[in-house]
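Protein chains in written order, with the working numbering: chain A, 721 to 1139; chain B, 171 to 290. We treat Cβ as the ideally placed atom computed from N, Cα and C, and that holds for glycine. In what follows, a structure is listed as structure tokens, so that the remarks can point back to it.
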Amino acid sequence: MRTTDIVIIGGGPAGLAAALAAREAGVSDLLILERGNELGGILNQCIHSGFGLHTFREELTGPEYAARYMDRVLAENIPFRLGAMAVRVTADRRVTYISREEGLETVQARAVVLAMGCRERPRGALSIPGSRPAGIYTAGAAQRLMNIDGYRVGREAVILGSGDIGLIMARRLTLEGARVKLVAELMPYSGGLKRNIVQCLDDFGIPLKLSHTVVDIHGRDRVEAVTVAAVDGQRRPIPGTEERVPCDTLLLSVGLLPENELTREAGAAMCAATGGPVVSDRLETDLPGIFACGNVLHVHDLVDYVSQEAALAGESAAAFVRSGGGETGRRVRVAAGNGVRYTVPQFIGVDRMAEAAVVRFRVTDVFRDVCVRLSLDGRELTRRKKRALAPGEMEQMTVTRSDLAEARADSVLTVELEA
Amino acid sequence: METRELICTGCPLGCPLTVTLEPGGPVVKGHTCPRGEAYGRSEVLDPRRTVTSTAAVIGGRQARVPVKTAGAVPKDRIRDCMEAVRRLRVAAPVGLGDVLLPDCAGSGVALVATKTVERT
């Protein structure tokens, strides 16, 4: 069987940054497996600008951001396979993939970085009644059809869900001459970034109807209309509020799901709140030598953070190749406390952690003027004031090694909100 | 005196800005960085946006090449820029950063390719 030091599954922003970091850390024997026909992943269809403000201090489009990493991967001669889909990863780090050139191939890796990304929640997951006409797309599928393949997806659209891709597509459709009637959001707040509401909806006078949903889809061959209704506090449609909105297209921007079939099959412990594997501060799953980063670990709203996180996964994988690993010593659990939906990582290996670890998290609701508090077994370590927090925007706190110096083997580090 | 409440689009933080139109020029409050102040001023004096779209490619490995205006264009010129992009046909190969229109729809801003598309 062929052997490789590190196999990276996925050639999107996470996979590219992980590969580059591993190479920088001195591992030369790498292999990136990419299912699509080019590197760059979802960035290729994200033609709008706003990427890279943190990393490059300039506002790039998705393809430009991807090119910065692809150019370096090419310059570093990091091997990659396109049209190569990983179909199995085992706990002892054998990766099986299929491709036209090689057929079925298995590689024994010393370390694996999972960077498969996420996919969109489809209509079938929503149980919207009605017929099954043409014209219903997930927002990302519509984005691909328009931006890569050059199709026009519709003339009059309703968008369900105010996630960022839905908002971006509202603007894109409008600029291409379609009319976006409204964006309906089930929750009382938007799941997208504020800036996207301003520059994608407000700029074009597209109404955002919060606490509304689509309760029916009309049309036989093609969508002819949808019925939109207000929902109550329990997210149940309120009878009498139904409104029929004529349209030929319905876009769904109703959430992203980390694509973890391979991870589960490998037997990694999973986190229900993120949909991704449970990881340590080094982004190692509970399977030694298997690391995860990017949207397969938890869904991000900024690619800059994906790149940062993936670089850590790449470094950690390189360290594992050099000196072995697996967690030993004190293992502090990171707990999501009051107002916090999840944290990544879920535990910190105190005895071998770096100088500092970043704890990323999302909140459960919209909060104003609160403190984010980090405490170890009830003793406060740090707190930071926040003017506004929203579930759609990932937050982060840093914990240092000295913060955790006195941790016991069963200590708990809690991230929570306080009024 | 007129005041306007804005959300800064400079970065994903989305700071809430209050811009007061003073006789000496707009005064921005609520920003947390220089970009925010600049955004607040320009949003009331001369609102601008970067336009991104895709243009048709002839003889390329891909049917479309993504494009953007090299800088922000006045908001009321967005439609004209989109029309100019719609009329555009680019022959492959196209390189990232290639200027496709030196002055996009008379906006004074160039239109550039944001991706490399090789010939078939």
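Out of the options, point me to the one whose CA is closest to residue i's CA.
i: V1083/A; options: P1111/A, V1090/A, A1076/A and D1097/A; result: P1111/A
i: G1057/A; options: R1093/A, D923/A and T894/A; result: R1093/A
i: G987/A; options: E758/A, R892/A, R808/A and T961/A; result: R808/A
i: R955/A; options: Y909/A, V965/A, L976/A and L913/A; result: Y909/A
i: A1009/A; options: V900/A, I856/A, V1016/A and D812/A; result: Note that residue 1009/A corresponds to Gly in the displayed sequence, not to Ala. Taking only the C-alpha atoms, the option nearest G1009/A is D812/A.
i: T290/B; options: V279/B, A233/B and P186/B; result: A233/B
i: E1100/A; options: E1138/A, A1037/A, A1076/A and F1087/A; result: E1138/A
i: E1075/A; options: V1060/A, A1125/A, V1054/A and E985/A; result: A1125/A
i: T307/B; options: R219/B, D250/B and G180/B; result: Any question about residue 307/B goes unanswered here, given that chain B covers just 171 to 290.
i: D1085/A; options: L902/A, L1109/A, I752/A and M866/A; result: L1109/A
i: R984/A; options: T810/A, T724/A, L930/A and G855/A; result: T810/A
i: Y1025/A; options: L846/A, L880/A, A737/A and R843/A; result: A737/A
i: A1037/A; options: G925/A, L1022/A, T1134/A and V833/A; result: V833/A
i: A261/B; options: D273/B, A275/B, I248/B and A283/B; result: A283/B
i: E896/A; options: G881/A, G870/A, E905/A and R915/A; result: G870/A
i: A1095/A; options: L893/A, D1123/A and A806/A; result: It should be noted that the sequence gives Ser, not Ala, for residue 1095/A. If we check each option's Cα against that of S1095/A, D1123/A comes out closest.
i: A787/A; options: C251/B, I228/B, P272/B and V287/B; result: V287/B
i: R1072/A; options: R864/A, R1121/A and V1041/A; result: R1121/A
i: E796/A; options: R743/A, H1018/A and F1087/A; result: R743/A
i: T1134/A; options: L930/A, R1080/A, M1114/A and F1087/A; result: R1080/A
i: R891/A; options: L906/A, M907/A and M866/A; result: M866/A
i: T723/A; options: Q1066/A, V1041/A and G911/A; result: V1041/A
i: T220/B; options: E779/A, L906/A, T961/A and T775/A; result: E779/A
i: G925/A; options: T894/A, F1067/A, V1019/A and Q1066/A; result: T894/A
Would you call the CB atoms of residue i and residue j closer than 9 angstroms?
i: L148/B; j: Y209/B; result: There is simply no residue 148/B to check, as chain B begins at 171 and stops at 290 in what is shown.
i: G760/A; j: Y789/A; result: yes
i: R839/A; j: V974/A; result: no
i: S1131/A; j: V1052/A; result: yes
i: T969/A; j: A861/A; result: no
i: V934/A; j: V946/A; result: yes
i: K245/B; j: N764/A; result: no
i: G1049/A; j: G1069/A; result: yes
i: S223/B; j: P236/B; result: yes
i: V1064/A; j: G1014/A; result: no
i: A734/A; j: A1030/A; result: yes
i: G772/A; j: A835/A; result: no
i: I798/A; j: L740/A; result: yes
i: V793/A; j: I752/A; result: yes
i: L1161/A; j: G886/A; result: Any question about residue 1161/A goes unanswered here, given that chain A covers just 721 to 1139.
i: V269/B; j: A225/B; result: no
i: R247/B; j: S277/B; result: yes
i: V1054/A; j: E1136/A; result: no
i: V1016/A; j: G837/A; result: yes
i: G230/B; j: V279/B; result: no
i: V951/A; j: L880/A; result: no
In terms of DSSP beta bridges, what is residue i paired with?
i: G823/A; result: S819/A
i: F1087/A; result: L1109/A
i: D936/A; result: T947/A
i: Y209/B; result: None; Y209/B has no bridge partner.
i: S663/A; result: Here chain A covers residues 721 to 1139 and nothing more, so residue 663/A does not appear.
i: A1012/A; result: L834/A
i: M1117/A; result: V1079/A
i: M805/A; result: I818/A
i: F1067/A; result: S1000/A and R1053/A
Under a Cβ-count criterion, where at least 16 other Cβ atoms within 10 Å of its own Cβ denotes burial, should residue i be classed as buried or exposed?
i: Y785/A; result: buried
i: S1043/A; result: exposed
i: V243/B; result: buried
i: G730/A; result: buried
i: D1089/A; result: exposed
i: D1001/A; result: buried
i: E172/B; result: exposed
i: P783/A; result: buried
i: T239/B; result: buried
i: E207/B; result: buried
i: A859/A; result: buried
i: L215/B; result: exposed
i: K199/B; result: exposed
i: R218/B; result: buried
i: M889/A; result: buried
i: A1033/A; result: buried
i: G960/A; result: exposed
Three or more C-beta pairs under 8 angstroms: does that hold for the stretch 875-894 of chain A against the stretch 1097-1104 of chain A? no
With a threshold of 8 angstroms, are at least 3 pairs of Cβ atoms found where one atom belongs to the stretch 743-750 of chain A and the other to the stretch 1000-1015 of chain A? no
Validate contact between the stretch 844-860 of chain A and the stretch 937-944 of chain A using beta carbons, cut 8 angstroms, 3 pairs: yes
Assess, as a yes-or-no matter, whether the stretch 825-833 of chain A is touched by the stretch 191-202 of chain B under the definition of 3 or more beta carbon pairs within less than 8 angstroms. no
Measuring CB atoms only, is the stretch 976-991 of chain A touching the stretch 886-904 of chain A, in the sense that at least three cross pairs come out at less than 8 angstroms? no
Chain E contacts from the stretch 203-224 of chain B (Cβ-Cβ distance under 8 angstroms): Absent from the structure: chain E. Protein chains present are A and B.
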